[in-house]
Amino acid sequence: MIKKLKYLFCLLLFIGNVLLLNAQEMMHLQSVVKQEFINPAYNSFKDYSSINLISRLQWVNLPHNPEVYGVNVFVPFRVNRLGMNVTLMRENIGLRKVSSADVSLSTNIRLNKQSFLAFGYGIGLKSNIYRTDEIISYDDGSYLFGNENWNTHKFTTKFGAFYMDEYMFAGFSGNMLVDRKWNDHLVLCPSWDFIIGAMYKINRNLLFRPDFVVKYYRTEVIEMAGGVEDASYVPPVFDPAINFLFHNRIWAGISYRLNMAATFSLSVKANDNLRFGYTYEYGIGEGVNQFSSHGFTMTFDFNQKVSLYNHQRNARMRHNIGDVVNRNYLYR
262 MIKKLKYLFC
272 LLLFIGNVLL
282 LNAQEMMHLQ
292 SVVKQEFINP
302 AYNSFKDYSS
312 INLISRLQWV
322 NLPHNPEVYG
332 VNVFVPFRVN
342 RLGMNVTLMR
352 ENIGLRKVSS
362 ADVSLSTNIR
372 LNKQSFLAFG
382 YGIGLKSNIY
392 RTDEIISYDD
402 GSYLFGNENW
412 NTHKFTTKFG
422 AFYMDEYMFA
432 GFSGNMLVDR
442 KWNDHLVLCP
452 SWDFIIGAMY
462 KINRNLLFRP
472 DFVVKYYRTE
482 VIEMAGGVED
492 ASYVPPVFDP
502 AINFLFHNRI
512 WAGISYRLNM
522 AATFSLSVKA
532 NDNLRFGYTY
542 EYGIGEGVNQ
552 FSSHGFTMTF
562 DFNQKVSLYN
572 HQRNARMRHN
582 IGDVVNRNYL
592 YR
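Just so we're aligned, residue 262 is where the sequence shown starts under the numbering used here, counting upward by one.
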């Protein structure tokens, strides 16, 4: 127990230090992606391996339209309730290609009979590649670009905590880019994600799961007036959602990302291991937020009904997380 308290104290101390940093934004998806790709602690309550695939297309049928592709792989271990996440992301935005890869470890502790708390931490690498050779310009364009190399390769770090009990869940995570400023000091450029939700079984064939997401990615908005900067601010993103599970097989949900998009999602469980999902985002904002997008997901769970290595479920989790009634509804 003392070791667990020390671990929790160190994590809170680390979060407090990072919150003091003031830095620029790290590029991230416009849409609210699944927690598997954001919070390294989210998968910790699984006692089976899983693969998650995600793609998002915006401005379809237009050249250089934004595209996002990602894969997350989770593998649990039999010792100390550890689990490992490997996440790969690829974003094509105009002439810029952003690729990232990270590896993280997670574990969890039992708070009481029906509540658990998970932690996760990971490191990775992010690269920005600009395809300047595809820019069409008059003359040789040297007056615009010269020989300057805009490509960057930087280390990233991420951490997260996730709470779950029989009826609710909550998570907090930070994804940071390790940058080097003009004074040659290393800084962390943070982005934050917070989610809270509930799971309530209305009857044997219907489950109700509302959730609320808050994101803060330090994406600075600059307002201009007469060619002069009038104001600048960093708006948070708010995304309340309502989801329903029908007959333990079909997820249907709607969400409203404030001043940005209305989202409609559908996920179908093909069998005990395979799920397919589709999301349509209807843009209602200004600028890039006025365009709609299509998202596709696929999840494959290995041996979900039978624990790994043919052991009982509590061979990996001696505190019997599997006894939590709504645990599997956390992963949609």
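For every residue, glycine included, the Cβ atom is placed at its ideal position computed from N, Cα and C.
My assumption, with CB atoms under 8 angstroms, is that residue i sits in contact with residue j. Please give the rounded CB distance.
i, j, result
"residue 420", "residue 458", "Incorrect: roughly 20 angstroms between the Cβ atoms, too far for contact."
"residue 379", "residue 423", "5 angstroms"
"residue 506", "residue 590", "6 angstroms"
"residue 348", "residue 333", "5 angstroms"
"residue 555", "residue 356", "Going by Cβ atoms, the distance from residue 555 to residue 356 rounds to 22 angstroms, so no, they are not a contact pair."
In whole angstroms, what is the alpha-carbon distance linking residue i and residue j?
i, j, result
"residue 500", "residue 522", "9 angstroms"
"residue 552", "residue 371", "44 angstroms"
"residue 375", "residue 390", "47 angstroms"
"residue 438", "residue 384", "10 angstroms"
"residue 593", "residue 472", "12 angstroms"
"residue 572", "residue 336", "Summary for residue 572: the model assigns pLDDT 37, below 50, so the residue's position carries little reliability; its value from the coordinates is reported in the next sentence. Near 16 angstroms, if we compare the C-alpha coordinates of residue 336 and residue 572."
"residue 302", "residue 310", "14 angstroms"
"residue 350", "residue 305", "20 angstroms"
"residue 545", "residue 474", "18 angstroms"
"residue 365", "residue 533", "27 angstroms"
"residue 519", "residue 503", "15 angstroms"
"residue 343", "residue 307", "10 angstroms"
"residue 285", "residue 525", "Reliability of the predicted coordinates at residue 285 is poor, the pLDDT of 33 falling under 50, and no value is obtained from them."
"residue 466", "residue 410", "57 angstroms"
"residue 497", "residue 476", "6 angstroms"
"residue 387", "residue 345", "19 angstroms"
"residue 564", "residue 511", "20 angstroms"
"residue 516", "residue 540", "11 angstroms"
"residue 338", "residue 320", "42 angstroms"
"residue 417", "residue 373", "34 angstroms"
Beta-carbon within less than 6 angstroms of residue i's beta-carbon, same chain only, minus the 5 sequence neighbours each way: which residues are those?
i, result
"residue 225", "As displayed, the chain neither begins before 262 nor continues past 593, which places residue 225 out of reach and without an answer."
"residue 436", "419 and 452"
"residue 316", "330 and 557"
"residue 560", "313 and 536"
"residue 352", "329 and 359"
"residue 413", "389"
"residue 513", "505 and 527"
"residue 508", "466"
"residue 529", "511 and 537"
"residue 354", "327"
"residue 392", "356"
"residue 562", "309, 311 and 534"
"residue 570", "For residue 570, the predicted structure reports a pLDDT of 37, less than 50, and the residue's modelled location is therefore unreliable. The matter cannot be settled from this model."
"residue 268", "Residue placement at residue 268 is poorly supported in this model, since its pLDDT is 44, which falls under 50; the coordinates are not used for a value here."
What are the partner residues of residue i, as DSSP defines its beta bridges?
i, result
"residue 476", "454 and 498"
"residue 301", "Answer is none; residue 301 lacks a bridge partner."
"residue 504", "470 and 514"
"residue 352", "329 and 359"
"residue 432", "423 and 456"
"residue 412", "Residue 412 is not bridged to any residue."
"residue 462", "468"
"residue 319", "554"
"residue 365", "346 and 383"
"residue 526", "514 and 540"
"residue 314", "332 and 559"
"residue 390", "358"
"residue 370", "378"
"residue 535", "561"
Apart from the five residues on each side of it in sequence, which residues of its chain come closer than 7 angstroms, Cβ to Cβ, to residue i?
i, result
"residue 444", "Any reading at residue 444 must be qualified, since the residue scores a pLDDT of 46, below 50, and its modelled position is unreliable; no value is offered."
"residue 469", "461, 463 and 505"
"residue 289", "Confidence at residue 289 is low in this model, with a pLDDT of 38, below 50, so the placement of that residue is unreliable and no value is reported for it."
"residue 543", "522, 523 and 553"
"residue 531", "537"
"residue 296", "303, 432 and 456"
"residue 415", "387, 438, 439 and 440"
Using a Cβ-Cβ cut-off of 8 angstroms (strictly less than) and excluding sequence neighbours within five positions of residue i, which residues of its own chain qualify?
i, result
"residue 341", "368"
"residue 404", "Reliability of the predicted coordinates at residue 404 is poor, the pLDDT of 48 falling under 50, and the value obtained from them is presented with this limitation in mind. For residue 404, where only same-chain residues beyond five positions count, there are no Cβ hits under 8 angstroms."
Is residue i a contact residue of the ligand ADP, with contact defined as CB to any heavy atom under 8 angstroms?
i, result
"residue 354", "Only the bare structure without any ligand can be found here, which leaves the ligand ADP out of the picture."
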